[in-house]
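Residue numbers (the working numbering): 3 to 247.
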């Protein structure tokens, strides 16, 4: 039951952070704004992949499922209620992906919460790129930023590996009913969409290219936000913050 234990622990940490934000409206608003900025940044950074071509679906999957500002409360609640069912219902490889997703979720929530606190300290700054850069520098935690990217890429590689498991797509389809009955419909949807997205890329060995592109661009962003002068960060980040996705 190691997977269930890890998932429950992660969900409990996320819940604590959310409860703290709920009791502090300004902080809740700041965290929500951080998430919006990050979703816009991702959409801007990958506008070429999102627009068209063989990687559009994969980029959209990452944007909506891993870099989105949407509320993941339903998926969290499912994880918390029946984390043990993940190991009972899904193959071991799928349980590993669920654990990675939970790990990413709690790390992201921790960083976003810390960013929200830092954002509030510069309430007079009305430029998102400038405020985001300053909050990023104030929070620091470079190792955690790099680990966050590492987990994102791990999920992508796990999805790609799942597509090479004989019969797994048919198994996922057959599990829709049991998963829904067990309260795992949200996780089931995530897995099916991810599976189909990476299966389509696998036909042309595109998964490695896509994940390599994500790695290169995100590592470049992390280096810039930590190491470049503030003016460069604000200018470059501002270029990516187009209309909300």
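We put the beta carbon where it would ideally sit given N, CA and C, even for glycine. Please read these numbers as outputs of a predicted model, since none were measured by experiment.
TODO: Pull up the distance between the alpha-carbon of residue 72 and that of residue 233, whole angstroms please.
DONE: So the alpha carbons of these two residues sit roughly 30 Å apart.
Task: Under 8 Å between C-beta atoms of residue 96 and residue 155 - done: Not a contact, by the Cβ cut-off of 8 Å.
Task: CB of residue 157 within 8 Å of CB of residue 63, strictly - done: With contacts defined by Cβ atoms closer than 8 Å, residue 157 and residue 63 do not form a contacting pair.
- [ ] Kindly confirm or deny that the stretch 50 to 63 and the stretch 22 to 30 touch, where touching means at least three C-beta pairs closer than 8 Å.
- [x] They do not touch, by the three-pair rule.
- [ ] Check residue 99 in the structure and name its three-state DSSP category.
- [x] Residue 99 falls in the helix class under three-state DSSP.
Open item on the list: Quick check on this structure: which residue in 111, 219, 42, 199 has the alpha carbon closest to the alpha carbon of residue 21?
Closed with: Checked all of 111, 219, 42, 199; the closest Cα to residue 21 is 111.
Task: Whole-angstrom distance between residue 231 and residue 153, CA atom to CA atom - done: Looking at the backbone, the Cα of residue 153 and that of residue 231 are separated by about 28 Å.
Task: Nonlocal neighbours in the same chain, by C-beta distance under 8 Å from residue 140, ignoring five residues either side - done: 120, 123.
Open item on the list: Please state the DSSP three-state secondary structure of residue 54.
Closed with: Look at residue 54 here: in three-state DSSP terms it is coil, with no helix or strand label.
- [ ] Leaving out five residues on either side along the sequence, give the residues of the same chain with a beta carbon under 6 Å from the beta carbon of residue 117.
- [x] Same-chain partners within the cutoff: 36, 137, 141.
Open item on the list: In this structure, how does DSSP classify residue 214 when only helix, strand and coil are distinguished?
Closed with: Residue 214: helix per DSSP, three-state reduction.
- [ ] Assign residue 235 to buried or exposed, taking buried as 16 or more other Cβ atoms, counted over all protein chains shown, within 10 Å of its Cβ.
- [x] Counting Cβ neighbours within 10 Å, residue 235 comes out buried, since at least 16 surround it.
TODO: Measuring alpha carbon to alpha carbon, tell me which of 149, 61, 38 ends up nearest residue 49.
DONE: Measuring from the Cα of residue 49, the nearest candidate turns out to be 61.
Task: For residue 71, three-class secondary structure by DSSP - done: Note: residue 71 maps to coil in three-state DSSP.
Open item on the list: If you measure between the beta carbons of residue 2 and residue 160, is that distance less than 8 Å?
Closed with: Lying outside 3 to 247, the shown extent of the chain, residue 2 is not represented and no answer is given.
- [ ] Give the straight-line distance between the Cα atoms of residue 243 and residue 166, rounded to the nearest whole angstrom.
- [x] Distance between the alpha carbons of residue 243 and residue 166: 36 Å.
Open item on the list: In the DSSP assignment, the alpha helix (DSSP H) including residue 135 goes from what residue to what residue?
Closed with: Under the DSSP assignment, residue 135 falls in the alpha helix (DSSP H) whose first and last residues are 130 to 141.
Task: Alpha-carbon spacing of residue 70 relative to residue 40, whole angstroms - done: The alpha-carbon atoms of residue 70 and residue 40 are separated by roughly 8 Å.
Open item on the list: What residue range does the alpha helix (DSSP H) around residue 146 cover?
Closed with: For residue 146, the enclosing alpha helix (DSSP H) stretches over residues 144 to 164.
Task: Top-ranked residue by Cα proximity to residue 108, from 149, 46, 135, 94 - done: Closest option to residue 108, judged by alpha-carbon separation, among 149, 46, 135, 94: 149.
Task: Spatial neighbours of residue 131 in its chain, beta-carbon cut-off 8 Å, leaving aside the 5 residues before and after - done: Only residues of its own chain outside the window of five on either side were considered, and among them 235, 236, 237, 239, 240, 243 have a CB closer than 8 Å to the CB of residue 131, listed in chain order.
TODO: Alpha carbon to alpha carbon, how far is residue 129 from residue 102? Give it in angstroms, no decimals.
DONE: For the pair residue 102 and residue 129, the Cα-to-Cα distance works out to about 34 Å.
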